[in-house]
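**Student:**
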Amino acid sequence: MRLIFALCIVAIAHSLSFAQLAGFETPKVNLTLNKGFDIAYAYVIGNEPHMFCYDTHTGKAAFWRMSYGNKPLASLSIGNSWNFFSTIRTSQGSPLYLLANSQTGEVKTTLNILDIASKNQISINNTFDNTQWSTTSVVHLNLEPYLFRYIGTTGEVLLNRIHPQTALIDDTPTSHTIEPQWDHIEFAQSQEYIYVLKHSTAKKSIVMECVKHNTASSNPFESTLRLTYETTTEWTSSTIFTFNEMAYLLLYSAMSGEIMLLQANEDMTQLVTLYKTTWSTGWTNFNVIYLNSWPYLFHHKESNGLARLSRIVL
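Okay, structure coming up:
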C-alpha cells in the first residue's frame, strides 16, 4: 500500500511539474502609473525595456525607461486624436516612433520623442472610399517595415513602405483584399515565416495564418497554412509572437480574467494549450518584447495604472 501511495505521489508531482513548464515569471518590472492611459505599449532600446502611455481623451503622453521606476523620461501633450502607436528599430538601434489616426488618415513619424509633440504630420494616399480605416499595424516584408491599414467593412488593405532612417513613408501604397469584419490583425515573424493573427471579438473567431518570406514580399496574405481556433470565450485581447521558430498565441478575457498561452504545431494543424489560469480582470493593453532574445509579456491596466513586464517561460 505504501508503495502504491508513493507511486501516486510521484505521478501527481510529475503531472504538476509538467503543467508548470510554461507560464510567466514574477514580474521583472512592476509599476503603478497615473490612471487614464488607455494606450500603453512596451518597446526596447539597447536591450532595455521602455514604455509609451497615452490618454486619448486628454492628449497627454509619457515615455518611460521601465527600470527607472514610476518617473517618466518625458511627459508631453500630443493632441487627443491618435489611436495607434508603434516603434520601428533603425539600423543604429534607436527607434522610429510612429503615430496614426485612423479617423482622419493622419500619420506622424519622428526619430526624437520630444518632436512627437509637434504639429507636423502627414496624410498618405488612401484608396478607401473615405479616410477611415479600422485596424493599424506594422509588418516587415523583405526586412523592411510597412504601415498596414485595413478597413473592416470591405476587407481592403493598404501597405505603405516606411523608411526608418529618414522617418518618411512612401506615399503610394500597394493594395490587397482579405476577408472583412476582423477587428484585430497583427503580425509576428520567424526566420522562415510571417504569421498573421486575425481576431473578431463579435464573431468569437480567431485565425492564424503563415506565409513564407519570399511569398510575403509580394502579398503577405497568400497563406497556404491556416489554423482556426474555435472558442466560446469572449477573448478581449489576442497577441501572437514567435520564439525558437515556433508561433504562440496569447489570449485574455478582461471580463473573466481567463488567460491562455497556446502553441501552434509546425504544420499549423492544431493549437496546443501550454498554460491556462485566471488573472485579475480588467487588463487592457498587451504586447510582447524581447530582452536577451527571450520573450517578455507587457500588460497594463487602464483602471488603476498597473504596468507589468514578465518573462514568458517556454
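The opening residue of the sequence shown carries number 809 in our numbering; numbering runs sequentially from there.
Built from N, CA and C at the ideal position, the CB exists for glycine as well.
1. Out of curiosity, what's the CA-to-CA distance linking I970 and T917?
2. Give the secondary structure of L922 by DSSP, where H, G and I count as helix, E and B as strand, and everything else as coil.
3. Thinking C-alpha only, which one of D991, F1049, P903 is nearest W941?
4. Give the single residue among E833, V1019, T864 whose Cα lies nearest to the Cα of I847.
5. Which residues in the same chain have their Cβ closer than 6 Å to the Cβ of L966, if we skip the five residues on either side of it in sequence?
6. Assuming the contact rule is C-beta atoms closer than 8 Å, A1124 and W1091 should be a hit. Round their C-beta distance to whole Å, please.
7. Considering just the uninterrupted stretch of the beta strand (DSSP E) at Q1007, what are its terminal residues?
8. Going by DSSP in three states, H865 sits in which element: helix, strand or coil?
9. Note down the Cα distance separating Y1003 from I977, rounded to an integer number of angstroms.
10. Please state whether the Cβ-Cβ distance between F768 and P1028 is less than 9 Å.
11. Would W890 and P880 be called neighbours here (beta carbons separated by less than 9 Å)?
12. Give the C-beta separation of G1124 and N888 to the nearest angstrom, bearing in mind that I take them to be a contact with Cβ-Cβ under 8 Å.
13. Taking just the CA atoms, how far does H1007 sit from Y954?
14. Counting only runs of 3+ residues fully inside the segment 1031-1066, write out the beta strand (DSSP E) ranges in chain order.
15. With DSSP as the reference, identify every bridge partner of S1026, one or two as the case may be.
16. Quick one: complete beta strand (DSSP E) runs, 3+ long, within the segment 849-904?
17. When the Cα atoms are used, what is the spatial distance from N909 to G963?
18. State buried or exposed for Y1098, treating a residue as buried only when at least 16 other CB atoms are found within 10 Å of its CB.
19. What does the Cβ neighbour count give for S823, buried or exposed, with the cut at 16 atoms within 10 Å?
20. So, at 6 Å on beta carbons, what are the nonlocal neighbours of L839 in its own chain, with the 5 sequence-adjacent residues on each side left out?
21. Measure the CB-CB distance between E1042 and K1012 and report whether it falls below 9 Å.
22. Relative to the C-alpha of F1094, which residue among H1108, P1103, L1082, T1086 is closest?
23. Note down, in chain order, each residue of its chain lying with its Cβ closer than 6 Å to the Cβ of H858, except the 5 sequence neighbours on either side.
24. So if DSSP puts W1102 in a beta bridge, which residue, or which two residues, is it bridged to?
25. So, with DSSP's three-state summary, where would you put V1121?
26. From S1046, S945, G1065, pick the residue whose C-alpha is nearest to that of T1089; which is it?
27. Hey, quick one: how far does the beta strand (DSSP E) through A996 stretch, first residue to last?
28. Taking just the CA atoms, how far does A870 sit from A882?
29. Where W1087 and T974 are concerned, what is the direct C-alpha to C-alpha distance, given to the nearest angstrom?
30. Based on the DSSP output, what are the partners of S1088 in its beta bridges?
31. Take Y1001 as the anchor and find which of A1072, F860, L1082 has the nearest alpha-carbon.
**Tutor:** In short, the structure shows the following:
1. For the purposes of this step, residue 970 is taken as residue 162 along the sequence shown, with counting starting at 1. For the purposes of this step, residue 917 is taken as residue 109 along the sequence shown, with counting starting at 1. Taking the straight line from one Cα to the other gives about 9 Å.
2. Counted from its first residue, the sequence shown places residue 922 at position 114. Here L922 sits in helix by DSSP.
3. Here the question's residue 941 lines up with position 133 in the sequence shown. When each option's Cα is compared against that of W941, the closest is D991.
4. Within the sequence shown, numbered from 1, the residue matching residue 847 stands at position 39. Here the closest residue by C-alpha is T864.
5. Residue 966 sits at position 158 when you count from the first residue of the sequence shown. Result list for L966: R957, P981, S983, in chain order.
6. In the structure displayed, the chain extends from 809 to 1122; residue 1124 sits before or after that span and is not available.
7. Here residue 1007 refers to the residue found at position 199 of the sequence shown. The question names Gln, but residue 1007 in the sequence shown is His. 1001-1008 is the span of the beta strand (DSSP E), which, as asked, contains H1007.
8. Taking the sequence shown and counting its residues from 1, the one referred to as residue 865 is at position 57. In this structure, H865 counts as coil in the three-state DSSP scheme.
9. For the purposes of this step, residue 1003 is taken as the residue at position 195 of the sequence shown. For the purposes of this step, residue 977 is taken as the residue at position 169 of the sequence shown. Computed Cα separation, rounded: 23 Å.
10. The shown model of the chain, from 809 to 1122, leaves out residue 768, and the question about it has no answer.
11. Counted from its first residue, the sequence shown places residue 890 at position 82. Counted from its first residue, the sequence shown places residue 880 at position 72. Contact: no.
12. A query on residue 1124 cannot be resolved here, the shown segment of the chain reaching from 809 to 1122 and no further.
13. By one-based count along the sequence shown, residue 954 stands at place 146. By one-based count along the sequence shown, residue 1007 stands at place 199. So the two alpha carbons sit approximately 20 Å from each other.
14. 1033-1038, 1045-1051, 1054-1060
15. Counting from 1 along the sequence shown, the entry for residue 1026 is found at position 218. Its beta-bridge partners do not exist; DSSP assigns none.
16. Here the runs fully enclosed are 856-862, 868-873, 882-885, 892-897.
17. By one-based count along the sequence shown, residue 909 stands at place 101. By one-based count along the sequence shown, residue 963 stands at place 155. Taking the straight line joining both Cα atoms gives about 19 Å.
18. As a first step, residue 1098 must be located in the sequence shown, where it is residue number 290. Result: exposed.
19. In the sequence shown, residue 823 corresponds to position 15, counting from 1. Interpretation of S823 is limited by its pLDDT of 41, a score under 50 that renders its predicted location unreliable; the figure taken from the coordinates is listed afterwards. Burial call: exposed.
20. Translated into the one-based positions of the sequence shown, residue 839 becomes position 31. N878, A1115.
21. Here residue 1042 refers to the residue found at position 234 of the sequence shown. Here residue 1012 refers to the residue found at position 204 of the sequence shown. In this structure, K1012 lies closer than 9 Å to E1042 by Cβ.
22. Here the question's residue 1094 lines up with position 286 in the sequence shown. When only C-alpha atoms are compared, the closest one is H1108.
23. Position 50 of the sequence shown holds residue 858. Apart from sequence neighbours up to five positions away, the residues of its chain that approach H858 with a beta-carbon distance below 6 Å are Y851, R873, ordered along the chain.
24. Here residue 1102 corresponds to residue number 294 of the sequence shown, with the count starting at 1. In DSSP, W1102 forms a bridge with L1099.
25. For the purposes of this step, residue 1121 is taken as the residue at position 313 of the sequence shown. Three-state result, V1121: strand.
26. Along the sequence shown, one-based indexing puts residue 1089 at 281. Ranking the options by Cα distance to T1089, first place goes to G1065.
27. On the sequence shown, position 188 is the one that residue 996 refers to. Taken as a continuous stretch (DSSP letters only), the beta strand (DSSP E) holding A996 covers 992-997.
28. Against the sequence shown, residue 882 aligns to sequence position 74. Against the sequence shown, residue 870 aligns to sequence position 62. A882 and A870: Cα-Cα distance of roughly 6 Å.
29. Position 279 of the sequence shown, counted from the start, is the residue given in the question as residue 1087. Position 166 of the sequence shown, counted from the start, is the residue given in the question as residue 974. Just so you know, the alpha carbons of W1087 and T974 end up roughly 42 Å apart.
30. On the sequence shown, position 280 is the one that residue 1088 refers to. Per DSSP, S1088 has no beta bridge partner at all.
31. The count along the sequence shown starts at 1 and reaches residue 1001 at position 193. Looking at A1072, F860, L1082, the one whose alpha-carbon comes closest to that of Y1001 is A1072.
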